[in-house]
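Student: First residue of the sequence shown: 7, per this note's numbering; consecutive thereafter.
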Amino acid sequence: MSVWQHSFLTQLHADSPSRNTSHAVFQSFLNQLKPDGRPIHSPTIDSVSPLLPTDTLALSSLKDTHAPPKTIVLKLNGGLATTLGCQGPKCLVIADTQRQRSFLDIIIDQQAHCPHTQLWLLNSFYTHPGCSDLLNQHKIPVLIQNRWPCLNTTTHPVTPYNSGTTESDHWAPPGHGDIFSVFQDTGILDQWLANGYEYLFISNSDNLAATWDPRFVCHMRQHQLNALVEVTSKTPNDKKGGGFVRHKGRITLLERGNIDPCDTATHAIFDTLPMFNTNSLWLSIAYLKTLDPIGLTQLIVNPKKRNETPIIQLESAMGSAIKALTRVGIAHVSRDRFQPVKDAHDLDRLHAYFS
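The following block contains the structure:
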């Protein structure tokens with residue numbers, strides 16, 4: 007361990023002494039940085055080919071059965087409502103103005119009509135305090151995402167950012183790729199398996215169209231798939247996110263941050279990708295038990311500012327794990343299953359839908 011890394015790991019161990027897997031992933035990401043916080047190697051994914059509709063399964067081809075396997079429905083609920091012009095957790099913003107229902111209210115109502123499932127939420131330290139009363143009222147179980155130190159880039163080498171008006175200013179969520187560390191550190195997979203659950207469906211809490219559908223898990227069981235990814239046809243409005251490509255014979259998530267700035271050929275491919283990642287993922291829980299979170303996801307170095315101080319946050323995306331998985335299927339779904347709410351315009355559209 008480098009001297010400059012020691013202070014970060016000391017701070018992390020003091021904050022969450024039982025989250026050993028998360029600590030190991032964080033250290034593996036620190037090892038990919040220079041002392042000034044820049045990546046040792048430029049992000050580079052070259053020689054890729056787009057994933058085409060012919061590489062995917064049409065949702066209409068998936069068959070339902072009368073006895074779908076039991077499934078955990080896990081909503082990623084770590085985001086704040088800042089981009090919507092609101093305060094607090096995004097899931098508490100009113101999505102249905104007619105009935106005064108928040109995103110979370112609607113998710114709970116949707117889940118009441120889904121047999122063979124149990125709803126869970128993955129909260130962050132940003133969202134958990136504001137959501138806990140409603141979740142306790144409905145007896146919705148929760149997993150808590152880890153938090154990692156922010157890196158102050160005004161110093162050389164980088165140091166933990168310890169300024170700011172509140173203690174939470176020192177920390178940042180590590181992205182939804184952190185979910186694999188949460189599974190291992192909490193032992194939750196064993197609990198789910200012991201209770202008879204076979205599959206896990208993960209989606210964003212702001213995508214109310216991503217609901218449980220038994221056809222996905224029945225197809226997985228029939229074809230012995232470990233993972234099934236939902237993609238949709240890309241539109242000009244799909245700016246934030248990525249798509250899946252073939253790279254060295256494997257299905258890989260490609261985001262603009264993964265591409266070397268000088269690699270014009272791969273940037274051109276990215277701009278014309280026909281398929282977009284919905285961030286809706288179906289997984290075999292037994293298969294998840296076999297995965298090692300260390301090295302599973304790809305580092306994202308996210309520059310930010312805290313109180314006008316330049317910092318970086320170390321993150322990873324859940325979808326970047328796909329390249330390491332075996333027996334993966336890709337399901338091409340319509341926009342009926344992908345209606346994310348990322349800004350005020352999207353929220354207005356949602357209000358109109360419910361009115």
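Yeah, the Cβ is synthetic: ideal placement off N, Cα and C, and Gly gets one too. If you're wondering where the values come from, they're calculated on a predicted model, not measured in any experiment.
Residue 266 by DSSP, collapsed to three states: which one?
Tutor: What you label residue 266 is simply residue 260 of the sequence shown in a count that begins at 1. Three-state result, residue 266: coil.
Student: Let me know the secondary structure DSSP gives residue 348 once reduced to three states.
Tutor: Here the question's residue 348 lines up with position 342 in the sequence shown. Residue 348 falls in the coil class under three-state DSSP.
Student: In terms of residue numbering, what span does the alpha helix (DSSP H) encompassing residue 288 cover?
Tutor: To locate residue 288, count along the sequence shown from 1; it is residue 282. Residue 288 -> not in any alpha helix (DSSP H); beta strand (DSSP E) instead, spanning 281–290.
Student: Quick one: what's residue 158 bridged to in DSSP?
Tutor: Position 152 of the sequence shown holds residue 158. Residue 158 pairs with 165, 317.
Student: In angstroms, rounded to a whole number, what distance separates the CA positions of residue 53 and residue 279?
Tutor: Locating residue 53 in the sequence shown gives position 47, counting from the first residue. Locating residue 279 in the sequence shown gives position 273, counting from the first residue. Between residue 53 and residue 279, the C-alpha separation is close to 14 Å.
Student: Please state if the CB of residue 155 and the CB of residue 176 are separated by a distance shorter than 8 Å.
Tutor: Here residue 176 is taken as the residue at index 170 of the sequence shown, counted from 1. Here residue 155 is taken as the residue at index 149 of the sequence shown, counted from 1. Yes, the pair counts as a contact, with Cβ atoms nearer than the cut-off.
Student: Looking at the structure shown, is residue 173 part of a helix, part of a strand, or coil, going by DSSP?
Tutor: What you label residue 173 is simply residue 167 of the sequence shown in a count that begins at 1. DSSP places residue 173 in helix when its eight states are reduced to three.
Student: Report the residue ranges of all beta strand (DSSP E) runs contained in full by the region 57–113; include only those spanning at least 3 residues, in chain order.
Tutor: Counting whole runs of 3 or more residues, the region 57–113 contains the beta strand (DSSP E) stretches 77–83, 100–102.
Student: So residue 138 is in the alpha helix (DSSP H); what residue range does that whole segment cover?
Tutor: The sequence position of residue 138 within the sequence shown is 132, counting from 1. Run containing residue 138: 134–144, per the alpha helix (DSSP H) assignment.
Student: What is the rounded straight-line gap between the Cα of residue 40 and the Cα of residue 90?
Tutor: Here residue 40 is taken as the residue at index 34 of the sequence shown, counted from 1. Here residue 90 is taken as the residue at index 84 of the sequence shown, counted from 1. Taking the straight line from one Cα to the other gives about 35 Å.
Student: Residue 220 lies in the alpha helix (DSSP H); which residues open and close that run?
Tutor: Here the question's residue 220 lines up with position 214 in the sequence shown. Counting along the chain, the alpha helix (DSSP H) containing residue 220 begins and ends at 220–229.
Student: List the whole-angstrom C-beta distance separating residue 179 from residue 132, where the pair is believed to meet the contact cut-off of C-beta under 8 Å.
Tutor: Along the sequence shown, read from residue 1 onward, the residue named residue 179 stands at position 173. Along the sequence shown, read from residue 1 onward, the residue named residue 132 stands at position 126. At roughly 7 Å, the Cβ-Cβ gap stays under 8 Å, so residue 179 and residue 132 are in contact.
Student: Since residue 212 contacts residue 346 with CB under 8 Å, what's their CB separation in whole angstroms?
Tutor: Counting from one through the sequence shown, the residue named residue 212 turns up at place 206. Counting from one through the sequence shown, the residue named residue 346 turns up at place 340. At roughly 6 Å, the Cβ-Cβ gap stays under 8 Å, so residue 212 and residue 346 are in contact.
Student: Taking the alpha helix (DSSP H) that residue 307 falls in, what are its first and last residues?
Tutor: Stepping through the sequence shown from its first residue, residue 307 is reached at position 301. No alpha helix (DSSP H) holds residue 307; the beta strand (DSSP E) holding it covers 306–312.
Student: Assign residue 294 to one of three DSSP states: helix, strand, or coil.
Tutor: In the sequence shown, counting from the first residue as 1, residue 294 sits at position 288. Here residue 294 sits in helix by DSSP.
Student: Name the DSSP bridge partner or partners of residue 335?
Tutor: For the purposes of this step, residue 335 is taken as the residue at position 329 of the sequence shown. BP columns for residue 335 point to 234.
Student: Whose C-alpha, out of 64, 10, 160, is nearest the C-alpha of residue 318?
Tutor: On the sequence shown, residue 318 is found 312 positions in, with the first residue counted as 1. With distances taken between Cα atoms, residue 318 lies closest to 160.
Student: For residue 230, is the classification buried or exposed, using 16 other Cβ atoms within 10 angstroms of its Cβ as the cut-off for buried?
Tutor: By 1-based counting over the sequence shown, the position of residue 230 is 224. Result: exposed.
Student: Just tell me which of 329, 158, 205 has its CA closest to the CA of residue 291.
Tutor: In the sequence shown, the residue the question calls residue 291 occupies position 285. Of the listed residues, the one whose Cα sits closest to residue 291 is 205.
Student: Would you be able to state if there are at least three C-beta pairs under 8 Å between the region 22–35 and the region 181–197?
Tutor: Result yes; three or more Cβ-Cβ pairs closer than 8 Å.
Student: Looking at the strands, I want to know which residues DSSP matches up with residue 239.
Tutor: One-based indexing of the sequence shown puts residue 239 at position 233. For residue 239, which the question treats as bridged, DSSP gives the partners 281.
Student: Taking the alpha-carbon of residue 215 as reference, which of 226, 236, 223, 200 has the nearest alpha-carbon?
Tutor: As a working note, residue 215 is residue 209 in the sequence shown. If we check each option's Cα against that of residue 215, 236 comes out closest.
Student: Could you check which residue in 324, 109, 328 has the C-alpha nearest to that of residue 94?
Tutor: As a first step, residue 94 is located in the sequence shown; it is residue number 88 there, counting from the start. When only C-alpha atoms are compared, the closest one is 109.
Student: In whole angstroms, give me the CA-to-CA distance for residue 289 and residue 322.
Tutor: Here the question's residue 289 lines up with position 283 in the sequence shown. Here the question's residue 322 lines up with position 316 in the sequence shown. So the two alpha carbons sit approximately 18 Å from each other.
Student: Output the distance between the C-alpha atoms of residue 200 and residue 10, rounded to the nearest integer angstrom.
Tutor: Numbered from its first residue, the sequence shown carries residue 200 at position 194. Numbered from its first residue, the sequence shown carries residue 10 at position 4. The straight-line gap from Cα to Cα measures roughly 43 Å.
Student: Does DSSP classify residue 253 as helix, strand or coil?
Tutor: Walking along the sequence shown from the start, residue 253 turns up at place 247. In this structure, residue 253 counts as strand in the three-state DSSP scheme.
Student: Exposed or buried, residue 359, counting other C-beta atoms within 10 Å across all chains shown (16 or more means buried)?
Tutor: Locating residue 359 in the sequence shown gives position 353, counting from the first residue. Under this definition residue 359 is an exposed residue.
Student: Please classify residue 81 as buried or exposed, where buried requires at least 16 neighbouring CB atoms within 10 angstroms.
Tutor: Position 75 of the sequence shown, counting from 1, holds the residue named residue 81. Buried, since its Cβ has 16 or more Cβ neighbours within 10 Å.
Student: Under the rule that 16 or more other beta-carbon atoms within 10 Å means buried, what is residue 355, buried or exposed?
Tutor: Residue numbering aside, residue 355 sits at position 349 when the sequence shown is read from its first letter. Under this definition residue 355 is an exposed residue.
Student: With distances taken Cα to Cα, identify the nearest neighbour of residue 257 among 273, 234, 266, 265.
Tutor: By 1-based counting over the sequence shown, the position of residue 257 is 251. The option with the nearest alpha carbon to residue 257 is 234.
Student: Could you check if residue 152 is buried or exposed, using at least 16 other CB atoms within 10 Å of its CB as the buried criterion?
Tutor: As a working mapping, residue 152 is identified with position 146 in the sequence shown. That one is buried.
Student: Leaving out the 5 sequence neighbours to the left and right, which residues in its chain are closer than 6 Å to residue 309 when beta-carbon positions are compared?
Tutor: Along the sequence shown, one-based indexing puts residue 309 at 303. So the qualifying residues of the chain are 318.
Student: Would you mind sorting residue 123 into buried or exposed? The rule is 16 or more other CB atoms within 10 Å of its CB.
Tutor: The count along the sequence shown starts at 1 and reaches residue 123 at position 117. Buried.
Student: Among the residues of its own chain, which have a CB less than 6 Å from the CB of residue 222, if the five just before and after it don't count?
Tutor: Numbered from 1 along the sequence shown, position 216 holds the residue referred to as residue 222. Hits under 6 Å: 234, 288.
Student: Would you list the residues sitting across from residue 258 in a DSSP beta bridge?
Tutor: If you number the sequence shown from 1, residue 258 lands on position 252. DSSP, once it has assigned bridges, lists 251 as partnering residue 258.
Student: Residue 76 to residue 353, Cα distance in whole Å?
Tutor: Taking the sequence shown and counting its residues from 1, one reaches residue 76 at position 70. Taking the sequence shown and counting its residues from 1, one reaches residue 353 at position 347. Taking the straight line from one Cα to the other gives about 32 Å.
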